[in-house]
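Okay, so here's the structure we're looking at.
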């Protein structure tokens, strides 16, 4: 699998369906899929613990579900696939 993740709106783990998975992998969503360039206000306002909201590498690596890559904190599953 090769991915070109958008810098401004990378996929984030779904909080709409907690614990949801597809092919044994956590479910992610991306506003950029349907509306390129669309701002994601939900994650910042309603999911403060989301990996994407972690501002530093140190803060990111402190979470077991997050990993730092190319200046962004994303879910660990994304790091291994893309």
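Numbering (my numbering), first residue to last: 4 to 85. Note that CB positions come from ideal geometry on N, CA and C, so glycine has one too. Treat the numbers as computed from the prediction; the structure is a model and nothing was measured.
Span of the alpha helix (DSSP H) around residue i
i	result
residue 61	60–64
Straight-line Cα distance separating residue j from residue i
i	j	result
residue 55	residue 82	13 Å
residue 62	residue 28	24 Å
residue 57	residue 47	10 Å
residue 74	residue 44	20 Å
residue 65	residue 24	24 Å
residue 71	residue 60	6 Å
residue 22	residue 42	24 Å
residue 26	residue 19	18 Å
Residue range of the beta strand (DSSP E) that includes residue i
i	result
residue 47	Per DSSP, residue 47 belongs to no beta strand (DSSP E); it is in the alpha helix (DSSP H), 44–49.
residue 77	75–78
residue 54	It is not in any beta strand (DSSP E) - residue 54 carries neither H nor E in the DSSP assignment.
residue 72	69–72
Beta-carbon proximity of residue i to residue j, cut-off 7 Å
i	j	result
residue 33	residue 51	no
Simplified DSSP assignment, three categories, for residue i
i	result
residue 24	strand
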